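**Student:** Read left to right, the sequence shown gives residues 1 to 310 (this note's numbering). C-beta: ideal position from N, C-alpha, C; glycine also. Computed from a prediction, not measured in an experiment: that's the story for all the values here.
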Amino acid sequence: MKEQNYTFTVQSPVKRIDILLVDYFEETGGIFSRNSIQDLIKAGNVLVNGKAVKPSKALSGGENIEIKIPETQPLNIKPQNIPIRVLYEDDHIIVINKTPDLVVHPAPGNYEGTLVNAISYHCKGKLSTIGGETRSGVVHRLDKETSGLIVMAKDNLSHLDLARQFSDKSAGRQYTAVIWGVPEKGHDRWETFFGRHPVDRKKFTSKLTSGKKAVTNYYVIKDNGEESLVNVILETGRTHQIRVHMQDHGYAIIGDPVYGKRKQKNVSIKRQALHARSLTITHPVFKQRMTFFSPLESDIKRLIEELDLC
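(1) Distance check for A43 and N5, CA to CA, integer angstroms please.
(2) Express the C-alpha separation of V151 and A118 in angstroms, rounding to a whole number.
(3) Under the three-state reduction of DSSP, which class applies to V53: helix, strand or coil?
(4) Let me know the secondary structure DSSP gives S170 once reduced to three states.
(5) Under the rule that 16 or more other beta-carbon atoms within 10 Å means buried, what is K154, buried or exposed?
(6) What residue does the beta strand (DSSP E) around K298 start on, and which one ends it?
(7) Ordered along the chain, which non-local residues of its own chain (more than five positions away) have a Cβ less than 6 Å from that of T320?
(8) Are the Cβ atoms of L229 and I242 separated by less than 7 Å?
(9) Going by DSSP in three states, S228 sits in which element: helix, strand or coil?
(10) Taking 7 Å as the threshold (C-beta atoms), are I269 and G255 in contact?
(11) Going straight from the alpha carbon of D91 to that of K126, what length do you get?
(12) If I'm right that G195 touches T205 with Cβ under 8 Å, what's the distance once you round it to whole angstroms?
(13) Within 10 angstroms of the Cβ of A252, are there 16 or more other Cβ atoms? Answer buried if so, exposed if not.
(14) Leaving out the 5 sequence neighbours to the left and right, which residues in its chain are closer than 6 Å to N45 when beta-carbon positions are compared?
(15) Given S158, which residues of its chain have a CB within under 8 Å of its CB, disregarding the five upstream and five downstream residues?
(16) For F293 and K51, I'd like the C-alpha separation in whole angstroms.
(17) Ignoring anything shorter than 4 residues or poking outside the segment 88-135, list the alpha helix (DSSP H) runs there in chain order.
(18) Kindly identify the DSSP beta-bridge partner or partners of G314.
(19) When burial is assigned at 16 or more other CB atoms within 10 Å of the CB, is P198 buried or exposed?
(20) Please list, in chain order, all residues of the same chain as N64 whose beta carbon is under 7 Å from its beta carbon, the five residues on each side excluded.
(21) Please classify N156 as buried or exposed, where buried requires at least 16 other C-beta atoms within 10 Å of its C-beta.
(22) Rounded to whole angstroms, what is the Cα-Cα separation between Y219 and A177?
(23) Is K2 helix, strand or coil by DSSP?
This is the structure we're talking about:
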């Protein structure tokens with residue numbers, strides 16, 4: 001694929017172009033770091049109203065942003081014939097119903113057996129390259145033990161358009177979770193700061209006085225007085241956001257090995273009871289609105305029956 005350009009319009013005032021793009025791509029799992037975005041800007045590959053700018057360029061809203069996408073290079077990721085559940089596929093995107101035992105992309109110490117390896121085999125290497133080889137096609141992520149819907153991009157223009165949808169909240173994501181406890185309110189909207197835990201840097205927390213914003217909506221579907229079945233709708237997509245928000249508000253997800261250590265009774269599930277149940281996007285090329293649904297996995301269904309949350 002030869003160099004192509006992707007454009008979008010700034011919706012609201014922000015301080016700097018580099019901060020705008022960091023936030024823009026953070027919603028999609030941080031496919032660009034701040035340093036790589038600054039390098040992209042310094043190389044003249046980001047234009048504001050048709051002109052190359054410095055990373056510190058201030059934006060007031062309404063500016064036209066153009067990103068030059070370099071020519072696609074062949075991928076060296078190892079294709080692996082790993083079974084995957086494809087719900088939809090065309091020349092531009094692929095929607096997967098991820099199983100709860102599959103890491104999304106390779107990382108140090110885990111370069112094989114991931115969804116990217118599987119998709120590379122399935123799509124014969126036709127994946128976007130914006131995130132680099134280890135994140136080929138990855139527009140957003142699910143934790144390894146979280147099951148459900150994930151969309152991946154086959155070309156760079158589709159990748160950037162999907163990234164915009166996750167950033168400007170036009171993409172919709174709903175999750176089902178089973179939690180310890182019963183929230184006082186049947187539904188609520190949590191808006192907090194969000195970031196790395198100040199002590200345990202492998203974890204995240206919402207108990208901060210500054211940082212990035214995270215917004216989670218929940219609705220209680222049913223409770224038994226001790227546990228609850230909830231529907232969760234995301235407005236932002238921070239790493240571990242649902243798990244952290246639930247735990248920090250006193251309603252940890254059952255089975256969560258990191259944030260859900262409070263255990264009130266023995267349960268059969270061996271992973272966090274969290275499932276990405278629906279995904280709504282606008283097709284990046286055909287422009288039609290598309291919604292996908294994923295039924296609950298058998299282990300979550302069994303847990304719901306055990307706890308009388310049917």
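**Tutor:** In this structure, then:
(1) Near 15 Å, if we compare the C-alpha coordinates of A43 and N5.
(2) So the alpha carbons of these two residues sit roughly 14 Å apart.
(3) Coil.
(4) Reduced to three states, the DSSP call for S170 is coil.
(5) With 16 or more neighbouring CB atoms inside 10 Å of its own CB, K154 falls in the buried class.
(6) Just to set this straight, residue 298 is Ser in the shown sequence, not Lys. In the DSSP assignment, S298 falls outside any beta strand (DSSP E) and within the unbroken alpha helix (DSSP H) covering S298 to E306.
(7) Not covered by the structure: residue 320. The range shown for the chain is 1 to 310.
(8) Not a contact, by the Cβ cut-off of 7 Å.
(9) In the structure shown, S228 adopts extended strand secondary structure according to DSSP, grouped into three states.
(10) Judged by their CB atoms, G255 and I269 are nearer to each other than the 7 Å cut-off.
(11) Straight-line spacing of the CA atoms in D91 and K126 works out to 9 Å.
(12) Indeed they touch by this definition, with Cβ atoms about 7 Å apart.
(13) That one is buried.
(14) Excluding sequence neighbours, N45 sits near K68.
(15) Shown here for S158: same chain residues with a beta carbon closer than 8 Å to its own, the five before and five after excluded, namely H92, I93, S128, P284 and V285 in chain order.
(16) Rounded to the nearest whole angstrom, the CA to CA distance from F293 to K51 is 42 Å.
(17) Listed in chain order, they are 115-122.
(18) Since the first residue shown for the chain is 1 and the last is 310, residue 314 is missing from the structure and cannot be characterised.
(19) Around the beta carbon of P198, a 10 Å sphere encloses fewer than 16 other beta carbons of the protein chains shown; the residue is thus reported as exposed.
(20) Here the set comprises T7, T9 and N49.
(21) Result: buried.
(22) Cα to Cα, Y219 sits roughly 10 Å from A177.
(23) For K2, the predicted structure reports a pLDDT of 48, less than 50, and the residue's modelled location is therefore unreliable. The matter cannot be settled from this model.
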